Amino acid sequence: MRHIYSLITYLLLPFVVLRLCWSSLRNPDYRRRWPERFGFITAQHSRAVIWVHAVSVGEVQAAVPLVNRLLDRYPDYDIVVTTMTPTGARTVQQRFGQAVMHYYLPYDIAWAVCRFLKRLQPAILIVMETEIWPNLFHYAHRQGIPVVLVNARMSSRSAAGYARLPSLTRSTLNRISLIAAQGSEDAKRLIELGSDPARTVVTGNLKFDIRQPHSVREQAEVLRRGLSVNRPVWIAASTHEGEEKLVLDAFSRSATAPDCLLLIAPRHPERFDRVADLCRRRGYKVTRRSEGVPVGDDTAIYLVDTLGELPVCYAAADVAFVGGSLVPVGGHNMLEAASLGVPILTGPHFFNFTEIAEILCHAGAAWIVEDSAALAAHVCMLIDNANLRYKAGQCGHGIVQSNAGGVDELVVLLHEHLVAN
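Adding 504 to a residue's 1-based position in the sequence shown gives its number in my numbering.
Right, here's the structure in full:
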């Protein structure tokens, strides 16, 4: 079955290139470093390499505690982090600087994967969450490179998709040396799809191991003074196409909090200009973060059109709506806001973060809002009730603290595979 898959990847190659060109029209960063996407890398590594793959921003952020621990524990290794997206690449640079080396992951074409592996020669491949690549895993396994899937999650929706190709899915999962799943349901679904129960363990969600530096709160205090000391502030973070319209609908409904300032942080940089235009067409005065100008009393929308500042913006807000959830994207990580003691709202489409959402909502740290009217009502409820905001924020922060520790267990498991290799 993998041979058929490989043939299809060859046939689709022209369309992959066209898509890359199309993406580069919206985001020029896609034009850069094309050779890496086909396995051409020039760097030589004189030391053993630990390779961590994190597809984009969310996965890179989840990998931060693990990568930092690897840097501390294995100073004699080179740490390489790959991503698929330019925003992921920028996050790697912002989070790690020169401490790690970054490449783009090659497309899952046999010759591209083989060239990349031959050049890199990693001692281990650590893949964040649910990135399952048949050719990459096959050739890594053939070369004796342990493949470890960490922080693995498998929603029922994703499992149904993989189940349509049972033979390919089973053979690919069997090339994995270890699967460290977020929760028991994730592990169960992966085993049902064909992973070896003996090599599938539950280590918890690494996203709980988030640690915000003290500078985040200091920067947030400075930002809040620049935004407004007296006006309520709420943020709609990591929003997607079609979602800003719903957020603006909610903002217009917030009659009980007419002096609110709304921060909007679109998920994808190529959409910054379109979101700014949308807000202006709705009649709102917009100030963009990148402009560096003061926020006046007449500013209604503060557009966060910079990268890497979401934690600071969360900490500066009174209430956080986490996007990708009013539209069927699957939601985004709510723990970043929780770790900063901010009460959380999420739409109904949080299927990529079901367990986290259930924990936070059950504890009273988060609420599910079905539509823009419910979003407006909950924003007003929280802004009008400082005591409820404080309790919810403290509860979320406590949940993050009490569930941390998965990285410690994972590092022990990874060491076993590094030593064995």
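The beta-carbon is built from N, C-alpha and C at its ideal position, and this holds for glycine as well.
The structure displayed is predicted, hence computed values, not measured ones.
Item: How about Asp763 and Arg735: do their beta carbons lie closer than 8 Å?; Value: yes
Item: If we call anything under 8 Å between Cβ atoms a contact, is His645 one with Leu609?; Value: no
Item: Indicate whether the contact test is met: 3 or more Cβ pairs, each with one atom in the region 710-728 and one in the region 811-821, closer than 8 Å.; Value: yes
Item: At the level of alpha carbons, what is the spacing between Pro532 and Ala896?; Value: 41 Å
Item: Can you list, in chain order, the residues of its chain whose CB lies under 8 Å from that of Met588, leaving out five sequence neighbours each side?; Value: Val559, Ser560, Tyr608 and Leu609
Item: Can you give the Cα-Cα distance for Glu920 and Ala780, rounded to whole angstroms?; Value: 50 Å
Item: Here's the rule: buried if 16 or more other CB atoms are within 10 angstroms of the residue's CB, otherwise exposed. What is His836?; Value: buried
Item: Give the C-beta separation of Ile545 and Phe620 to the nearest angstrom, bearing in mind that I take them to be a contact with Cβ-Cβ under 8 Å.; Value: 7 Å
Item: Here's the rule: buried if 16 or more other CB atoms are within 10 angstroms of the residue's CB, otherwise exposed. What is Asp801?; Value: exposed
Item: Identify every residue that forms a DSSP beta bridge with Thr791.; Value: Tyr806
Item: Hey, how far is the Cα of Gly828 from the Cα of Val737?; Value: 20 Å
Item: What residue does the alpha helix (DSSP H) around His866 start on, and which one ends it?; Value: Thr858 to Ala867
Item: For Pro701, count neighbouring Cβ atoms within 10 angstroms of its own Cβ and tell me buried if that reaches 16, exposed if not.; Value: exposed
Item: In or out: Val733 buried (at least 16 other Cβ within 10 Å) or exposed?; Value: exposed
Item: Throw me the rounded Cβ distance for the Ala877 and Cys899 pair, which I believe falls under 8 Å.; Value: That belief does not hold up - the Cβ atoms of Ala877 and Cys899 are roughly 25 Å apart, past 8 Å.
Item: DSSP three-state call for His549: helix, strand or coil?; Value: coil
Item: Where does Thr760 fall in DSSP's three states?; Value: The predicted model places Thr760 with a pLDDT of 47, which falls under 50 and marks its position as unreliable; any figure quoted below should be read in that light. Coil at Thr760, not helix or strand.
Item: Have a look at Ile739 and Phe825 and give me their C-alpha separation to the nearest angstrom.; Value: 6 Å
Item: Would DSSP call Asn655 helix, strand or coil?; Value: strand
Item: Pick from Leu765, Ala842, Pro770 and Val596: whose alpha carbon is nearest that of Ala804?; Value: Leu765
Item: DSSP three-state label for Trp928, please.; Value: Given that the chain is displayed from residue 505 to residue 925, the structure contains no residue 928 and the question cannot be resolved.
Item: Counting Cβ pairs, one atom from each stretch, are 3 or more of them under 8 Å apart for the region 580-598 and the region 509-524?; Value: no
Item: In this structure, how does DSSP classify Ser742 when only helix, strand and coil are distinguished?; Value: strand
Item: Can you give me the Cβ contacts of Val751 inside the same chain, cut-off strictly under 6 Å, excluding the 5 residues immediately before and after it?; Value: Ala740
Item: Would you mind giving the Cβ-Cβ distance between Leu849 and Val831, rounded to the nearest angstrom? I have them listed as a contact below 8 Å.; Value: At roughly 15 Å, the Cβ-Cβ gap does not stay under 8 Å, so Leu849 and Val831 are not in contact.
Item: Which residues mark the beginning and the end of the beta strand (DSSP E) in which Ala627 is found?; Value: Pro626 to Met632
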